[in-house]
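Chains as they are written, first to last, in our numbering: chain A, 461 to 652; chain B, 461 to 652; chain C, 461 to 652; chain D, 461 to 652. Note that the Cβ used here is the ideal one computed from N, Cα and C, for glycine as well. Remarks on the structure that follows.
Number of protein chains: 4
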Amino acid sequence: MRKTTIGVIGSSGEIPGSAGDEIMRLARQVGAEIAKAGAVLVSGGTTGVMAAVSQGAREAEGFVVGFLPEADYSRASPDLDIAFPTGMGTMRNLLTARCCDALMMIGGGAGTLNELTIAYDFGTPVVVVEGSGGWADRIRPALFEGAWLDERRTVAIGFASSAVAAVDEAMRRAAEPKSTRSLPVHVGSAGA
Amino acid sequence: MRKTTIGVIGSSGEIPGSAGDEIMRLARQVGAEIAKAGAVLVSGGTTGVMAAVSQGAREAEGFVVGFLPEADYSRASPDLDIAFPTGMGTMRNLLTARCCDALMMIGGGAGTLNELTIAYDFGTPVVVVEGSGGWADRIRPALFEGAWLDERRTVAIGFASSAVAAVDEAMRRAAEPKSTRSLPVHVGSAGA
Amino acid sequence: MRKTTIGVIGSSGEIPGSAGDEIMRLARQVGAEIAKAGAVLVSGGTTGVMAAVSQGAREAEGFVVGFLPEADYSRASPDLDIAFPTGMGTMRNLLTARCCDALMMIGGGAGTLNELTIAYDFGTPVVVVEGSGGWADRIRPALFEGAWLDERRTVAIGFASSAVAAVDEAMRRAAEPKSTRSLPVHVGSAGA
Amino acid sequence: MRKTTIGVIGSSGEIPGSAGDEIMRLARQVGAEIAKAGAVLVSGGTTGVMAAVSQGAREAEGFVVGFLPEADYSRASPDLDIAFPTGMGTMRNLLTARCCDALMMIGGGAGTLNELTIAYDFGTPVVVVEGSGGWADRIRPALFEGAWLDERRTVAIGFASSAVAAVDEAMRRAAEPKSTRSLPVHVGSAGA
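Here's what the structure looks like:
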């Protein structure tokens, strides 16, 4: 009865130029794939990647939840089924990062990196969409053994190179029992 | 598109005897009425009143969300559509109390009183179901002018004496713009 | 080496008239007594009762800490030795309420009642200064058996009728091991 | 009257071998320098780097505060003047990261990286002690333009290669008004 929840973390900002267009297209595709997989999409609920992924999910008849930093709905994406106006500011990052069965990371700035660290600490699996810019592309060379945020090896960070592969991997990780989540990194592949 | 969210706060504990049976029956009815009103039910997602209200909502084909104190699903009500395992312990009280369009209070101990104070501070309207025991019955004589937690008169606490009246009032309060929420207390009425 | 921490919770607002003057005088006296007892004073660090108690503690050469709701020092009391600009807004209430060895409650509105519920949940002993107005005077008739916020009897709420008696009781409660904190309520007495 | 607060973030774990010994020696020296500079040392208050820096500060007669993840004092460093048992688990990271005038980073795993992201988001200047291992050595190549966590350029991350240089720089950054904190990165230098 309880639905699988897949969170998407990524920048709230506009990304200029054709690179930005491409990332937003990717985000919409990720949202659509999450919807098709039957999972609930959870995000920070506002603009940028969060808006694009929400739009993609809703167009594919998915169910979309957003944890807003504001105390009201003024910046909520129009594609949310449920919006939670936390009034927690950026502290709301911990909700998306902790409360989902798996996370996907598309591009991202400091806030997205913050969510990645929270997810890792909490044991939430994260699948990074390669080639999506920002910390999604910067984090890998900085990882321990290419997969971990530190030598505790809490939960391996996965990488995938397309929307389809990333959602497949996120759904697979979401289904793992917590106790076996800390497995070697999986690398997704192939066309979107 | 975005759905109205109605939170229910109340004790997680078992309430012994026929009084307890009556309160659980009331909670199920409240859940059913929220579902019939087309709103999403939000609660702390575990046991006691939270389980009963979730059961009632689901039996009436509503949509049910729970903010769990635990980091896993071990104590989640089986009637949740979405469960968020916050790992925040009782700090998760602020999520239900802040993030809904209106709250309903059924009975309740210290945790429920905590949620009432958070809701008041945040401007979330609360409708207390009279006769449901605990702080629902203890709070009224202690209020300022029968309606407020302090002289700031942030948002009036309402009272209703039946499940139907309480949900009607909660839906009415939920529809108010924030700026006009601090209105005189409304007292519901009539049979459960 | 580690110092005892005594928190004071109370209204940030101005209290008009001679009743207000009396409460501020009482708060300064409480601060002074905490300093004389060798404990660190902890509060929300801003205005009203928090400013008065901080002033009293510093004039008696105590050490004063404030957990500010703001992200900066703009509203910090000038009498703080250490100010923590949490940027958490009223969520910072949980810091004072959880992180002290014992709390004292002077008057207070909804925020103070919020802190009382957090302290009770967390097992922090609270001593209410009787006759100080607000929730300090409203809470007692609403308690379970005159001492508890609910039937779980987590930690008894104490009452005292003077600054000296209240600080004595708070220091006594602060010294209790956590496991024996839930004892019958102690009622302080005698001249301010 | 209000004291400057310098936070130190770093790993709670033991670091094996002579590299570990060297990092602990460095941490004690950082603590001593913070004390000599007249600032209050703030940390997560438990083991590893936090214990070493606290020991160094106390031996130099500084004042030491710890925000503990636990709800009790069981894992508190013996060198704390004030310990706050937050019971927030790793969510307490936000307190050290937000509430200090400046932060210093020594080595560090995922939790330290989490604190770095919070500090950056909040505008708290961070000085990384180079050569101290962990994320202190991994983060620089991953930064935007060698100084920022993202293109927003919120507040520049500084680097210093000795305890003395790092504390000098942290004290300098702590004295900056918030509005001018986002300045070009300063690189400390030379012998400990």
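Exposure label - residue i; buried when at least 16 CB within 10 Å
{"i": "residue 418 (chain B)", "result": "For residue 418 (chain B) there is no data in the structure shown, the boundaries of chain B being 461 and 652."}
{"i": "residue 629 (chain C)", "result": "buried"}
{"i": "residue 519 (chain A)", "result": "exposed"}
{"i": "residue 476 (chain C)", "result": "exposed"}
{"i": "residue 481 (chain C)", "result": "exposed"}
{"i": "residue 521 (chain C)", "result": "exposed"}
{"i": "residue 569 (chain A)", "result": "buried"}
{"i": "residue 478 (chain B)", "result": "exposed"}
{"i": "residue 593 (chain B)", "result": "buried"}
{"i": "residue 498 (chain B)", "result": "exposed"}
{"i": "residue 575 (chain D)", "result": "buried"}
{"i": "residue 461 (chain C)", "result": "exposed"}
Supposed close pair residue i, residue j - CB separation, criterion 8 Å
{"i": "residue 573 (chain D)", "j": "residue 577 (chain A)", "result": "5 Å"}
{"i": "residue 567 (chain D)", "j": "residue 494 (chain D)", "result": "Going by Cβ atoms, the distance from residue 567 (chain D) to residue 494 (chain D) rounds to 17 Å, so no, they are not a contact pair."}
{"i": "residue 490 (chain C)", "j": "residue 525 (chain C)", "result": "Not a contact, Cβ separation roughly 15 Å."}
{"i": "residue 540 (chain B)", "j": "residue 504 (chain B)", "result": "Not confirmed; about 11 Å, so no contact."}
{"i": "residue 626 (chain A)", "j": "residue 620 (chain A)", "result": "4 Å"}
Proximity test, Cβ basis, 8 Å: residue i and chain A
{"i": "residue 538 (chain B)", "result": "yes"}
{"i": "residue 498 (chain D)", "result": "no"}
{"i": "residue 543 (chain B)", "result": "yes"}
{"i": "residue 559 (chain C)", "result": "no"}
Chain D within 8 Å of residue i, Cβ atoms only
{"i": "residue 577 (chain A)", "result": "yes"}
{"i": "residue 585 (chain C)", "result": "no"}
{"i": "residue 461 (chain C)", "result": "yes"}
{"i": "residue 549 (chain C)", "result": "no"}
{"i": "residue 555 (chain A)", "result": "no"}
{"i": "residue 563 (chain A)", "result": "no"}
{"i": "residue 573 (chain A)", "result": "yes"}
{"i": "residue 567 (chain A)", "result": "no"}
Closer than 8 Å to chain C by CB, residue i
{"i": "residue 552 (chain B)", "result": "no"}
{"i": "residue 632 (chain B)", "result": "no"}
{"i": "residue 604 (chain D)", "result": "no"}
is_contact[residue i, chain B] using C-beta, thresh 8 Å
{"i": "residue 570 (chain C)", "result": "yes"}
At least three beta-carbon pairs within less than 8 Å, the segment 560-569 of chain A to the segment 530-543 of chain B:
no
Against chain A: residues of the segment 588-602 of chain D by CB proximity under 9 Å:
594, 595, 598, 599, 601, 602
Determine contact between the segment 466-473 of chain C and the segment 506-517 of chain C, defined as no fewer than three beta-carbon pairs at a distance below 8 Å.
yes
Report the residues of the segment 464-491 of chain A with a CB closer than 9 Å to any CB of chain D, ordered along the chain.
471, 473
Residues of the segment 504-538 of chain D with Cβ closer than 9 Å to any Cβ of chain A, in chain order
none
Members of the segment 610-637 of chain D that neighbour chain A once the beta carbon cut-off is set at 9 Å:
610, 611, 612, 614
For the segment 615-622 of chain A against the segment 599-613 of chain D, do three or more pairs of beta-carbon atoms, one drawn from each stretch, fall closer than 8 Å, so that the two count as touching?
no
Cβ contact (3+ pairs, closer than 8 Å) linking the segment 537-551 of chain A and the segment 534-552 of chain C:
yes
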